[in-house]
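Sequence order for the protein chains is A and B. According to our numbering, the residues represented by the first sequence are 1 to 10, in order. According to our numbering, the residues represented by the second sequence are 1 to 212, in order. So the structure is just underneath, and the comments pick up after that.
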Amino acid sequence: CHRRKVKDEL
Amino acid sequence: MNIFRLLGDMCHLVAIIILFLKIWRSKSCAGISGKSQVLFALVFTTRYLDLFTSFISVYNTVMKVVFLVLAYATVYLIYLRFRSTYNSESDSFRVEFLLVPVAGLSFLENYAFAPLEILWTFSIYLESVAILPQLFMITKTGEAESITTHYLFFLGLYRALYLANWVWRYHTEGFFDQIAVVSGVVQTIFYCDFFYLYFTKVLRGSGKMTLP
Chain A
1 CHRRKVKDEL
Chain B
1 MNIFRLLGDM
11 CHLVAIIILF
21 LKIWRSKSCA
31 GISGKSQVLF
41 ALVFTTRYLD
51 LFTSFISVYN
61 TVMKVVFLVL
71 AYATVYLIYL
81 RFRSTYNSES
91 DSFRVEFLLV
101 PVAGLSFLEN
111 YAFAPLEILW
121 TFSIYLESVA
131 ILPQLFMITK
141 TGEAESITTH
151 YLFFLGLYRA
161 LYLANWVWRY
171 HTEGFFDQIA
181 VVSGVVQTIF
191 YCDFFYLYFT
201 KVLRGSGKMT
211 LP
């Protein structure tokens, strides 16, 4: 599905 | 990077600076929950462990360092420098009631069962409840200095702007971070009651916020 971790956010 | 996230990060930075300067200049942390500030320092510590292992951008690295330094400096001011002004009897929220469920959930619901991922997930879940001791303290004392309400306003606004950022990113990149989004919604909901009081009381120039 479209769920995965955003790595570039604070 | 989009305008919502940039504004959100700036609100977050403004909130942390407002609080630090308030304590530093008034040489007092009366009305401030030290427990919430310790939880925020823990949030940044468990979330920014990748500070030295993965470089994303100068902005990302600089902001992480600034948040960590200010968070620990604020905890230092509360528990060491101006500890005689700390209202420990009013700051009575049982943080173990937050830490245990958050730690348990981060083991159950995460993207990968790896130490850095579990710690990152822990930091996301913890951030959504970290303000509760502060909000509890305000309901207990029945009032908050206006500068403290401005701190809470920007802190609440930052995650609300992140929600807009995630909507924008889903619209433009086609994916979203379910753990961050669900936690961000919960976190922002906790501020709704405060936002209502802030707009009806503080912005009407009544200065101090006194709860009904």
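Note that beta-carbon positions come from the ideal geometry of N, C-alpha and C, so glycine has one too. It should be emphasised that the depicted structure is a prediction, and the values quoted were computed from it without experimental measurement.
message = Quick check on DSSP: helix, strand or coil for A144 of chain B?
response = Three-state result, A144 of chain B: strand.
Is the Cβ of Y72 of chain B closer than 8 Å to any Cβ of chain A? Output row for Y72 of chain B: interface = no.
Review point. From the beta carbon of R159 of chain B, is the nearest beta carbon of chain A less than 8 Å away?
Key: Chain A, which has no Cβ nearer than 8 Å to the Cβ of R159 of chain B, makes this no.
**Report entry** Continuous alpha helix (DSSP H) assignments of at least 4 residues falling wholly in the region 82–130 of chain B
**Finding:** With a minimum length of 4 residues, the continuous alpha helix (DSSP H) runs that stay inside the region 82–130 of chain B are 96–108, 115–129.
Q134 of chain B and S26 of chain B closer than 8 Å at C-beta
No, Cβ-Cβ distance for Q134 of chain B and S26 of chain B is not below 8 Å.
Item to check | Three-pair Cβ contact test at 8 Å for the region 182–194 of chain B versus the region 144–160 of chain B | outcome: Yes, since at least three Cβ pairs between the region 182–194 of chain B and the region 144–160 of chain B fall closer than 8 Å, the two stretches touch.
Since A180 of chain B meets chain A, which of its residues come closer than 8 Å, beta carbon to beta carbon? What A180 of chain B touches in chain A: K5, V6, E9.
Just tell me which of B:D50, B:N87, B:S28 has its CA closest to the CA of D8 of chain A. The option with the nearest alpha carbon to D8 of chain A is B:D50.
Between the CA atoms of Y151 of chain B and S88 of chain B - distance to the nearest angstrom: Pairing S88 of chain B with Y151 of chain B, the inter-Cα distance amounts to about 20 Å.
>> Once the 5 residues before and after P212 of chain B are set aside, which same chain residues still bring their CB inside 7 Å of it?
In response: There are no such residues.
Are any of the Cβ atoms in chain A nearer than 8 Å to that of V67 of chain B? For clarity, residue 67 of chain B is Phe in the given sequence; the question names Val instead. Answer yes: the Cβ-Cβ gap between F67 of chain B and chain A drops below 8 Å somewhere.
Exercise for review: Closer than 8 Å by C-beta to C1 of chain A: which residues in its own chain qualify, once you throw out the five before and the five after it? Chain order, please.
Suggested key: Confidence at C1 of chain A is low in this model, with a pLDDT of 45, below 50, so its placement is unreliable and the value that follows should be read with caution. If you ignore the 5 residues before and after C1 of chain A, its C-beta comes within less than 8 Å of no other C-beta in its own chain.
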